[in-house]
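Protein chains: 2
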Amino acid sequence: MQVITHFIMTEKQEKILHSALELFAKEGYSATSTSKVAKHAGVSEGLIFRHFGSKEGLLDAILKEGEEKAKLLFASIVFETNPQLVIAKTIDMIESLGKSKEGFEFWKLQYKIKWETEKYSEQKMEALHMSLSNAFNKLGYETPDIEATFLLITMDGLATRLCLQESFQVEPMIIFLRRKYKV
Amino acid sequence: MQVITHFIMTEKQEKILHSALELFAKEGYSATSTSKVAKHAGVSEGLIFRHFGSKEGLLDAILKEGEEKAKLLFASIVFETNPQLVIAKTIDMIESLGKSKEGFEFWKLQYKIKWETEKYSEQKMEALHMSLSNAFNKLGYETPDIEATFLLITMDGLATRLCLQESFQVEPMIIFLRRKYKV
DNA sequence: ATTATATAAGTAAGTACTCACACAAATATC
DNA sequence: GATATTTGTGTGAGTACTTACTTATATAAT
């Protein structure tokens with residue numbers, strides 16, 4: 001088994017990761033067999049285990065990529081000093097979620113895995129929570145911490161609808177939120 | 001295979017249903033085998049198929065029970081005429097969610113299944129949505145429909161946290177919401 | 001005497017994973 | 001610079017085990 005360095009990666013390695021992401025997001029982790037992933041990627045099943053060690057190792061590789069993507073996404077919010085922009089950017093985040101097909105699959109997997117494996121990534125969100133709490137404090141909100149939690153929970157709910165309810169219209173909700181927070 | 005009438009049900013049938021609910025909620029539907037359910041319920045595996053036809057039939061029986069539970073829970077809100085009480089009762093709903101162990105498992109399964117099988121139960125919530133929309137309208141809110149959607153999404157987000165984040169404190173959020181809507 | 005309840009012991013198909021073996025590219029030795 | 005040696009990439013057929021589901025058979029209730 002090989003350590004994945006992210007920079008050196010064979011074509012087939014990438015194909016496996018991409019296929020696994022797609023299938024895990026569509027069918028779920030437990031319901032997707034390694035043989036299905038191999039067939040979809042057009043490689044032998046053994047290659048998955050050569051590169052990722054186990055089925056769980058394959059999932060971990062996908063989730064690790066995800067963490068870096070999330071960090072990148074949060075960075076522009078966390079380093080923002082204008083409190084109104086912090087809130088506005090947080091709200092806008094949800095819009096970018098469904099823009100690309102790959103991005104949508106990625107976030108859907110994150111949520112699906114959260115329910116399937118029961119490992120809620122509290123710490124990943126902590127930086128964002130602090131930024132929001134700080135922003136609400138600057139703007140003179142009474143309970144900035146709860147206000148921040150509340151907005152993040154709302155974003156969670158919105159993302160859930162976006163992933164599971166095809167007919168769901170996000171735009172009206174985003175406009176509603178912007179007006180509510182005056183950003 | 002037998003039609004489940006809900007009123008006539010053997011002890012073993014109930015044990016199967018109860019065990020399946022517990023295991024599906026804990027491990028997920030795909031990750032729970034029928035043999036696991038049988039062992040947990042203390043019956044032979046064949047009995048599951050005699051009574052429920054298939055693994056999916058077993059799930060359907062649980063979900064059907066769930067629909068009736070949900071209807072009962074929503075009834076006291078839908079038939080409420082005081083708009084402030086409609087909102088208050090909707091918010092309070094989340095508190096009752098985690099009260100009993102069985103109730104918690106039941107709602108956890110509902111959410112888990114929603115992510116695992118991709119069948120979002122829009123219509124189940126429609127009556128509640130209309131009641132809320134009507135309440136917000138009576139109270140003079142500008143966009144009562146969006147306001148109702150927003151509250152329901154918030155409730156979704158809260159339920160998610162409650163199910164997945166053990167450390168999560170609901171009470172402060174409920175107090176916050178009550179103050180926010182002045183109910 | 002019929003019907004419903006229950007089981008134990010099957011079934012074929014799938015599961016995650018291993019292993020022997022082939023080939024290609026990089027590295028070391030002469 | 002040619003040759004030997006290691007290393008990484010890839011496969012296909014296999015492993016033991018689990019999966020959802022069936023069937024023959026026995027017992028209990030009506």
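Top to bottom, those sequences are chains Y and L. Residues 1 to 183 in the working numbering are what the first sequence lists, from first letter to last. Residues 1 to 183 in the working numbering are what the second sequence lists, from first letter to last. A virtual CB, placed ideally from N, CA and C, is assigned to each residue, including glycine.
**Asked** Secondary structure at L139 (chain L), three-state DSSP: helix, strand or coil?
**Response** For L139 (chain L), the secondary structure class from DSSP, reduced to helix, strand or coil, is coil.
**Item:** Residues from the segment 11-37 of chain L in contact with chain Y, defined by Cβ distance under 7 Å
**Value:** Near chain Y, meaning a CB-to-CB distance below 7 Å, the residues of the segment 11-37 of chain L are G28, S30 and A31.
**Asked** Can you name the start and end residues of the alpha helix (DSSP H) that I62 (chain Y) belongs to?
**Response** From DSSP, the alpha helix (DSSP H) with I62 (chain Y) extends over K55 to V78.
**Per-residue DSSP class, three states only, for E166 (chain L)** = Coil at E166 (chain L), not helix or strand.
**Message:** Looking at chain L, is there any beta carbon in it that lies within less than 7 Å of the beta carbon of E116 (chain Y)?
**Reply:** So, interface residue.
**Message:** Which of the three DSSP states is assigned to V37 (chain L) in this structure?
**Reply:** V37 (chain L): helix per DSSP, three-state reduction.
**Request:** Using a cut-off of 7 Å between C-beta atoms, extract the partners of R161 (chain Y) located in chain L.
**Result:** Under the 7 Å cutoff, chain L gives I153.
**Prompt:** Buried or exposed: which applies to I8 (chain L), given that a residue is buried once 16 or more other Cβ atoms fall within 10 Å of its Cβ?
**Reply:** Exposed is the call here.
**Item:** chain L within 7 Å of D60 (chain Y), Cβ atoms only
**Value:** With 7 Å as the cut-off, D60 (chain Y) does not count as an interface residue toward chain L.
**Asked** Counting only beta-carbon atoms, is G66 (chain Y) nearer than 7 Å to chain L?
**Response** When Cβ-Cβ separations below 7 Å define contact, G66 (chain Y) makes no contact with chain L.
**Asked** Does any residue of chain L bring its CB to less than 7 Å from the CB of I207 (chain Y)?
**Response** Missing from the structure shown is residue 207 (chain Y); chain Y here goes from 1 to 183 and no further.
**Message:** Can you look up S100 (chain L) in the DSSP assignment and give me helix, strand or coil?
**Reply:** The answer is coil: DSSP assigns S100 (chain L) none of H, G, I, E or B.
**Prompt:** When we look at the beta-carbon of M130 (chain L) and count the other beta-carbons within 10 Å, is it buried (16 or more) or exposed?
**Reply:** Exposed is the call here.
**Prompt:** G157 (chain L) by DSSP, collapsed to three states: which one?
**Reply:** G157 (chain L): helix per DSSP, three-state reduction.
**N82 (chain Y) in three-state terms, based on DSSP** = In the three-state reduction of the DSSP assignment, N82 (chain Y) falls in the coil class, being assigned neither a helical nor a strand state.
**Prompt:** How should G157 (chain L) be labelled, buried or exposed, when 16 other C-beta atoms within 10 angstroms of its C-beta is the threshold for buried?
**Reply:** Within 10 angstroms of the beta-carbon of G157 (chain L) lie 16 or more other beta-carbons, which makes it buried.
**Request:** Using a cut-off of 9 Å between C-beta atoms, extract the partners of M173 (chain Y) located in chain L.
**Result:** Simply I146, T149, F150 and I153.
**Message:** DSSP three-state label for A88 (chain L), please.
**Reply:** In this structure, A88 (chain L) counts as helix in the three-state DSSP scheme.
**Asked** Going along chain L, which residues have a C-beta under 7 Å from D156 (chain Y)?
**Response** By Cβ distance, chain L contributes G157 and T160.
**Item:** Rounded Cβ spacing between F217 (chain L) and L21 (chain L) (contact assumed at less than 8 Å)
**Value:** Lying before the first or after the last residue shown, residue 217 (chain L) is absent from chain L, which here runs from 1 to 183.
**Message:** For E45 (chain L), report the span of its alpha helix (DSSP H) as first-last.
**Reply:** First-last of the alpha helix (DSSP H) with E45 (chain L): E45 to F52.
**Item:** Beta-carbon proximity list for I62 (chain Y), same chain, < 8 Å, skipping 5 on both sides
**Value:** So the qualifying residues of the chain are L17, A20, L21, F24 and L109.
**Request:** Determine the DSSP secondary structure at I175 (chain Y), reduced to helix, strand or coil.
**Result:** It is helical.
**Prompt:** If you draw a straight line from the C-alpha of L47 (chain L) to the C-alpha of L58 (chain L), how long is it?
**Reply:** Taking the straight line from one Cα to the other gives about 11 Å.
**Neighbour flag for F136 (chain L) against chain Y, beta carbons, 7 Å** = Output row for F136 (chain L): interface = no.
**Request:** Please compile the residues from chain L whose C-beta is within a distance smaller than 9 Å of the C-beta of K112 (chain Y).
**Result:** The contacting residues are W115 and E116.
**Asked** Where does K182 (chain L) sit, in a helix, a strand or coil, going by DSSP?
**Response** Coil.
**Prompt:** What does F104 (chain L) reach in chain Y if we use C-beta pairs closer than 9 Å?
**Reply:** Simply none; closest approach about 14 Å.
**Asked** For the alpha helix (DSSP H) that contains A31 (chain Y), what are its first and last residues?
**Response** In the DSSP annotation of this structure, A31 (chain Y) is not part of any alpha helix (DSSP H), being labelled neither H nor E.
**Request:** Tell whether a beta-carbon distance below 7 Å holds between G98 (chain L) and L164 (chain L).
**Result:** G98 (chain L) is not a Cβ neighbour of L164 (chain L), given a cutoff of 7 Å.
**For Y29 (chain Y) and E116 (chain Y), believed in contact at Cβ under 8 Å, the rounded distance** = That belief holds up - the Cβ atoms of E116 (chain Y) and Y29 (chain Y) are roughly 5 Å apart, short of 8 Å.
**Request:** Figure out for me which residue from L:Q169, L:K89, L:A159 and L:K39 has the closest Cα to the Cα of A135 (chain L).
**Result:** Of L:Q169, L:K89, L:A159 and L:K39, the smallest CA-CA separation from A135 (chain L) is found for L:K89.
**Asked** Would you report the Cα separation of L128 (chain Y) and Q169 (chain Y), rounded to the nearest angstrom?
**Response** Straight across, the Cα-Cα distance linking L128 (chain Y) with Q169 (chain Y) is about 25 Å.
**Request:** Mind listing the chain L neighbours of F176 (chain Y)? Cutoff is C-beta to C-beta under 9 Å, in chain order.
**Result:** Residues of chain L passing the Cβ test: T143, I146, E147, T149 and F150.
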